[in-house]
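Mapped onto the working numbering, the consecutive letters of the sequence shown carry residue numbers 1051 to 1277.
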Amino acid sequence: MALPSYLRGRFSPQELEFMAENLRIQIEPNFSAEKIELISGQVGPFRPPLLTSVPVWFAILLRSRNKCKIVPPSWLKIESLEAQLAKERESPEFSDLPDHHLEVARLLVERAPNDLLDITVIRNLLKEIREIRLNKAREGIRGLNPDYLQMDNLSRMEINEIRPCFQEGFRTLNSIHDQPKVTPHHFFHVPRGEDRDISSSYLTPRSSLMQSSSRILFTPTTPSINH
1051 MALPSYLRGR FSPQELEFMA ENLRIQIEPN FSAEKIELIS GQVGPFRPPL LTSVPVWFAI
1111 LLRSRNKCKI VPPSWLKIES LEAQLAKERE SPEFSDLPDH HLEVARLLVE RAPNDLLDIT
1171 VIRNLLKEIR EIRLNKAREG IRGLNPDYLQ MDNLSRMEIN EIRPCFQEGF RTLNSIHDQP
1231 KVTPHHFFHV PRGEDRDISS SYLTPRSSLM QSSSRILFTP TTPSINH
């Protein structure tokens, strides 16, 4: 079955959530078991009250059967969210949140609310952070020009959401300005960490999002005959 046109060239939210579900998270099991073989690798052994690390999807499965308590990641605690909200308010830049924070936060808030301390406060903080970051993304797109666009510390979901806007923006600007054609479906990706040599990071959108997506740096490229 062919994908609808609006999903071609980018991930669907469901695909991004699927990737987020494979991240590891800690749980406190209430049962004993030896190691369990999964396609993605081993989990366990399970020895309460010792914590163990499992994929998010497996943690949610166990939680739905009352077999464990999920330990929220440190960035999803109230103190951390309040600090991130303050950074978002004080700086025009995006704060450094985990790559899949939107997907993981939604999964835990919806599937394991009893494991989060003061779920109402957490929901409100997440909503405020989300709104501020959306406004910053809109401002960043307003600064689009035919030569260059850079926004740091965007998550994969946020990149996926603004992709149609900047693609159409590049096309419109190219139709106005007599410059080498911008290829919006290619961009430089600079990963997190110390290695920021963009010369080795020229990726297509789908493959680039399989890597860490803390920075997106859009620059025009001139297609060659073999492209």
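For glycine and all other residues, C-beta sits at the position ideal for the given N, C-alpha and C.
Predicted model, so just to flag it, every value in this text is computed and none were measured.
Supposed contact pair residue j and residue i - C-beta distance, whole angstroms, cut 8 Å
i, j, result
"E1078", "C1118", "6 Å"
"H1150", "M1069", "7 Å"
"I1110", "L1157", "6 Å"
Distance cut-off 7 Å: residue i Cβ against heavy atoms of the ligand ATP
i, result
"S1090", "Only the bare structure without any ligand can be found here, which leaves the ligand ATP out of the picture."
Residue i versus residue j: straight-line alpha-carbon distance, rounded
i, j, result
"S1114", "Q1076", "15 Å"
"F1144", "L1066", "20 Å"
"E1153", "Q1064", "9 Å"
"S1062", "R1074", "22 Å"
"R1161", "L1176", "16 Å"
"P1163", "G1094", "24 Å"
"I1209", "T1102", "32 Å"
"R1180", "D1202", "16 Å"
"R1097", "I1172", "30 Å"
"Q1092", "T1170", "35 Å"
"K1186", "E1129", "23 Å"
"E1178", "L1100", "35 Å"
"L1184", "N1174", "15 Å"
"S1225", "A1136", "40 Å"
Best match in the options for proximity to residue i [C-alpha to C-alpha]
i, options, result
"V1104", "I1120, R1173, R1161", "I1120"
"N1080", "N1116, A1136, N1185, I1172", "N1116"
"R1188", "P1142, E1087, L1100, L1112", "P1142"
Own chain partners of residue i with C-beta closer than 8 Å, once the 5 adjacent residues on each side are dropped
i, result
"W1125", "L1131, Q1134, L1147, P1148, H1151"
"S1090", "N1072, P1105"
"S1205", "L1147, P1148, D1149, H1150, H1151, L1152, S1263"
"F1108", "L1088, V1093"
"M1207", "P1063, L1066, H1150, L1152, E1153"
"L1112", "I1077, P1079, V1104, C1118"
Sequence-distant residues of the same chain with beta carbon closer than 7 Å to residue i, five excluded per side
i, result
"I1182", "E1138, R1139"
"P1278", "Residue coverage of the chain in this structure runs from 1051 to 1277, which leaves residue 1278 outside it and unanswerable."
"E1084", "G1094, P1095"
"A1155", "L1126, L1176"
Cutoff 6 Å; reference residue i; Cβ partners in own chain excluding five residues on either side
i, result
"S1249", "Here S1249 scores only 34 on pLDDT, less than 50, and its place in the model should not be relied on; the value that follows carries that caveat. Once the five neighbours on either side are set aside, S1249 has no close Cβ partner at all."
"S1257", "For S1257, the predicted structure reports a pLDDT of 35, less than 50, and the residue's modelled location is therefore unreliable. A value from the coordinates is still provided. Closer than 6 Å at the Cβ level, and outside the excluded window around S1257, lies no residue."
"I1086", "V1093, G1094"
Ordered list of alpha helix (DSSP H) runs contained in the segment 1058-1124, each at least 4 residues: 1063-1070, 1106-1114
Length-filtered (4 minimum) alpha helix (DSSP H) runs lying within the segment 1124-1165: 1128-1140, 1151-1161
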